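Engineer: Residue numbers (my numbering), protein chains in the order written: chain V, 1 to 75; chain Z, 76 to 150; chain P, 151 to 225; chain S, 226 to 300; chain U, 301 to 375; chain Y, 376 to 450.
Number of protein chains: 6
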Amino acid sequence: MTDTWLTSLITKTPQEGFELAITLSRRGVKYTQPNPEILHKLRPEYAEDADSLIAGSEVVALNFQTVAAANNYWR
Amino acid sequence: MTDTWLTSLITKTPQEGFELAITLSRRGVKYTQPNPEILHKLRPEYAEDADSLIAGSEVVALNFQTVAAANNYWR
Amino acid sequence: MTDTWLTSLITKTPQEGFELAITLSRRGVKYTQPNPEILHKLRPEYAEDADSLIAGSEVVALNFQTVAAANNYWR
Amino acid sequence: MTDTWLTSLITKTPQEGFELAITLSRRGVKYTQPNPEILHKLRPEYAEDADSLIAGSEVVALNFQTVAAANNYWR
Amino acid sequence: MTDTWLTSLITKTPQEGFELAITLSRRGVKYTQPNPEILHKLRPEYAEDADSLIAGSEVVALNFQTVAAANNYWR
Amino acid sequence: MTDTWLTSLITKTPQEGFELAITLSRRGVKYTQPNPEILHKLRPEYAEDADSLIAGSEVVALNFQTVAAANNYWR
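1) Starting from Tyr-196(P) and walking both ways along the alpha helix (DSSP H), at which residues does that stretch end?
2) At 9 Å on the CB atoms, spell out the chain Z contacts of Gly-178(P), in chain order.
3) Is it the case that the Cβ atoms of Gly-92(Z) and Val-134(Z) are separated by a distance below 8 Å?
4) In the DSSP assignment, find the unbroken alpha helix (DSSP H) run with Gln-215(P) in it and report its ends.
5) For Ile-38(V), count the other beta carbons within 10 Å of its own beta carbon; 16 or more makes it buried, fewer makes it exposed. Which is it?
6) Mind checking whether Pro-389(Y) and Thr-304(U) have CB atoms under 8 Å apart?
7) Ordered along the chain, which non-local residues of its own chain (more than five positions away) have a Cβ less than 8 Å from that of Ser-127(Z)?
8) Who are the Cβ neighbours of Trp-449(Y) in its own chain at under 6 Å, not counting the five residues just before and after it?
9) Looking at the secondary structure, which residues open and close the alpha helix (DSSP H) in which Lys-330(U) lies?
10) State yes or no: is the beta carbon of Ala-370(U) nearer than 8 Å to at least one beta carbon in chain V?
11) Give me the chain P residues within the contact set of Glu-270(S), using Cβ-Cβ distance strictly less than 9 Å, ordered along the chain.
12) If we define contact as Cβ-Cβ less than 8 Å, is Trp-230(S) a contact residue for chain Y?
13) Shortest alpha-carbon distance to Ala-221(Z) belongs to which of Thr-161(P), Ile-160(P) and Ile-172(P)?
14) Given that Gln-165(P) touches chain S, what residues does it touch there, using C-beta distances under 8 Å?
15) Let me know the secondary structure DSSP gives Trp-74(V) once reduced to three states.
16) As a quick exercise: from Gly-131(Z), Pro-111(Z) and Asn-146(Z), pick the residue whose alpha carbon is nearest that of Leu-153(Z).
17) On the CB-based measure, 16 or more other CB atoms within 10 Å of its CB, does Asn-288(S) come out buried or exposed?
18) Taking Cβ-Cβ distances shorter than 7 Å, what residues in chain P pair up with Thr-257(S)?
19) Please classify Asn-297(S) as buried or exposed, where buried requires at least 16 other C-beta atoms within 10 Å of its C-beta.
20) What's the gap between the Cα of Asp-199(P) and the Cα of Arg-251(S)?
21) Leaving out five residues before and five after Gln-258(S) in sequence, what residues of the same chain have Cβ atoms less than 7 Å from its Cβ?
22) What is the C-beta distance between Ala-143(Z) and Ala-68(V), in whole angstroms, given that I count them as a contact (C-beta under 8 Å)?
23) For Thr-216(P) versus Gln-140(Z), is the C-beta distance shorter than 8 Å?
24) Measure the C-alpha to C-alpha separation of Pro-111(Z) and Glu-394(Y) and round it to an integer number of angstroms.
25) Taking only the alpha-carbon atoms, compute the straight-line gap between Lys-405(Y) and Leu-42(V) and give it to the nearest angstrom.
26) For Leu-159(P), which residues of its own chain have a beta-carbon under 6 Å away from its beta-carbon, when the five flanking residues on both sides are left out?
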């Protein structure tokens with residue numbers, strides 16, 4: 001990928017940090033499957049499946065650990 | 076999402092921290108599937124399935140790691 | 151849940167810490183499925199399935215990481 | 226469980242630490258399924274299944290993270 | 301493997317760090333399956349499967365935790 | 376196991392550290408299934424299956440976190 005999408009892990013609030021964790025999780029998918037049409041086609045497969053949604057939330061939790069540590073937990 | 080739902084990771088007690096970890100885990104799902112009707116329909120799929128419940132508890136454990144570190148483990 | 155079940159992550163010994171990690175893992179399930187009858191019905195599904203038992207042990211390992219860090223590893 | 230099986234996370238060598246991580250992983254299973262006959266019966270189910278063996282190694286990796294940190298990585 | 305592919309975890313930007321995490325995740329596969337033909341043949345199996353893509357993103361998240369810590373979160 | 380296979384987590388380079396993480400991941404399997412013939416028989420089951428390869432890479436990522444921390448990230 002040649003576009004710049006991540007220049008800092010620092011966010012103003014925990015919620016923005018959580019949303020950055022969402023972005024990181026999605027980018028982790030896009031590096032493997034960059035084709036937006038295939039990703040769109042797969043959407044019902046995971047967005048309407050409980051186990052896929054839980055697995056997605058696990059990836060977000062891992063990335064939120066990183067972002068939260070980077071921001072010293074917004075203390 | 077435009078609503079504000081997360082302004083701090085600091086909680087008064089470990090139990091409130093655990094409950095915040097539950098909230099983070101659910102939000103991790105809602106960012107992918109924001110439709111409450113679909114989420115409601117999926118509920119029996121995971122709330123009555125042992126493996127889904129264990130997977131859900133794993134996401135909570137990861138988010139609790141973050142919240143506990145943020146609170147310096149309520150020492 | 152309105153009952154108080156978690157007031158501290160500090161334990162006297164590593165074994166008590168491990169047992170607290172078990173409690174945290176079970177609570178992570180109960181917040182999603184609070185009905186004890188359903189949980190009881192699901193028991194054979196996971197307690198006699200190797201993969202579910204391994205997944206359960208993974209959740210315990212994650213929560214034990216948190217409890218052990220909270221106790222400075224009982225050094 | 227009433228027996229004492231874990232009094233310290235400190236080990237003399239990294240290898241003993243790894244072996245303690247194995248013990249922790251097995252104990253995480255035994256707290257859920259303490260019946261040794263059932264555990265014995267399940268053995269071929271996971272010990273001859275590649276995915277179960279990989280999942281088991283993941284639990285060991287998580288517990289080894291804890292033990293290694295407790296021992297300051299035996300530096 | 302005899303080639304040198306990893307001499308440092310330090311990167312100039314978070315995005316380069318994320319891309320290094322992708323590399324680490326792929327290398328973790330190649331050490332087990334070094335045959336490029338088999339890897340190529342497996343590609344549709346995971347690149348067009350939602351659950352495999354989420355699992356891949358989880359590995360990236362774990363490796364990104366390591367790279368981010370190495371770089372002191374590019375603070 | 377009576378042989379000595381792990382005397383230190385310190386390595387000269389990040390790549391040697393990654394290779395140690397591979398070793399730790401394999402040892403995590405061998406403690407459960409020490410029979411080399413069974414392990415050999417299982418090889419096609421995981422080495423030609425995308426999901427098993429991704430799961431294997433996840434275990435390596437977890438062990439690499441430990442080795443990297445032990446080496447202070449080779450900074």
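Here a beta-carbon is modelled for each residue, glycine too, at the ideal position from N, C-alpha and C. Just so it is clear, the structure is predicted and the values come from calculations on it, not from any experiment.
Structural biologist: Based on what the coordinates show:
1) For the purposes of this step, residue 196(P) is taken as the residue at position 46 of the third sequence. 186–197 is the span of the alpha helix (DSSP H), which, as asked, contains Tyr-196(P).
2) Within the third sequence, the letter at position 28 stands for residue 178(P). One finds Phe-93, Ala-96, Ile-97, Ser-100, Leu-128, Ile-129, Gly-131, Ser-132, Glu-133, Val-134, Val-135, Ala-136 and Phe-139 in chain Z with Cβ atoms closer than 9 Å to the Cβ of Gly-178(P), taken in chain order.
3) The residue you call residue 92(Z) lines up with position 17 of the second sequence. The residue you call residue 134(Z) lines up with position 59 of the second sequence. No, Cβ-Cβ distance for Gly-92(Z) and Val-134(Z) is not below 8 Å.
4) Counting from one through the third sequence, the residue named residue 215(P) turns up at place 65. Start and end: 200–220.
5) What you label residue 38(V) is simply residue 38 of the first sequence in a count that begins at 1. Result: exposed.
6) Here the question's residue 389(Y) lines up with position 14 in the sixth sequence. Here the question's residue 304(U) lines up with position 4 in the fifth sequence. It is not a contact, given that the beta carbons lie outside the stated cut-off.
7) Numbered from 1 along the second sequence, position 52 holds the residue referred to as residue 127(Z). Closer than 8 Å at the Cβ level, and outside the excluded window around Ser-127(Z), lie Glu-120 and Tyr-121.
8) As a working mapping, residue 449(Y) is identified with position 74 in the sixth sequence. Cβ within range, chain order: Pro-389.
9) Locating residue 330(U) in the fifth sequence gives position 30, where the first residue counts as 1. Its alpha helix (DSSP H) spans residues 314–330.
10) The sequence position of residue 370(U) within the fifth sequence is 70, counting from 1. Output row for Ala-370(U): interface = no.
11) Position 45 of the fourth sequence holds residue 270(S). From the beta-carbon of Glu-270(S), the residues of chain P found nearer than 9 Å are Asp-199, Ala-200 and Asp-201.
12) The residue you call residue 230(S) lines up with position 5 of the fourth sequence. Trp-230(S) is outside the set of residues whose beta carbon lies under 8 Å from a beta carbon in chain Y.
13) Not covered by the structure: residue 221(Z). The range shown for chain Z is 76 to 150.
14) As a working mapping, residue 165(P) is identified with position 15 in the third sequence. Within 8 Å Cβ-Cβ: Thr-229, Trp-230, Leu-231 and Thr-232.
15) Working through the first sequence from its first residue, we reach residue 74(V) at position 74. In the structure shown, Trp-74(V) sits in a helix (DSSP, three-state: H, G or I).
16) This structure cannot settle anything about residue 153(Z), because the visible part of chain Z is limited to 76 through 150.
17) The count along the fourth sequence starts at 1 and reaches residue 288(S) at position 63. Buried, by the Cβ-count rule.
18) Position 32 of the fourth sequence, counting from 1, holds the residue named residue 257(S). Within 7 Å Cβ-Cβ: Ala-197, Leu-203 and Gly-206.
19) As a first step, residue 297(S) is located in the fourth sequence; it is residue number 72 there, counting from the start. Here Asn-297(S) is exposed: its Cβ has fewer than 16 other Cβ atoms, across all protein chains shown, within 10 Å.
20) What you label residue 199(P) is simply residue 49 of the third sequence in a count that begins at 1. What you label residue 251(S) is simply residue 26 of the fourth sequence in a count that begins at 1. Roughly 14 Å between the two C-alpha positions.
21) Translated into the one-based positions of the fourth sequence, residue 258(S) becomes position 33. So the list reads Leu-264, once near-sequence residues are dropped.
22) Here residue 143(Z) is taken as the residue at index 68 of the second sequence, counted from 1. Here residue 68(V) is taken as the residue at index 68 of the first sequence, counted from 1. Ala-143(Z) to Ala-68(V), Cβ: 11 Å. No contact.
23) Position 66 of the third sequence, counted from the start, is the residue given in the question as residue 216(P). Position 65 of the second sequence, counted from the start, is the residue given in the question as residue 140(Z). In contact: Thr-216(P) and Gln-140(Z) (Cβ atoms closer than 8 Å).
24) Here residue 111(Z) is taken as the residue at index 36 of the second sequence, counted from 1. Here residue 394(Y) is taken as the residue at index 19 of the sixth sequence, counted from 1. Those two C-alpha atoms are separated by around 46 Å.
25) One-based indexing of the sixth sequence puts residue 405(Y) at position 30. One-based indexing of the first sequence puts residue 42(V) at position 42. Straight-line Cα distance between these residues: approximately 37 Å.
26) Within the third sequence, the letter at position 9 stands for residue 159(P). Only Val-217 and Ala-220 meet the Cβ criterion.
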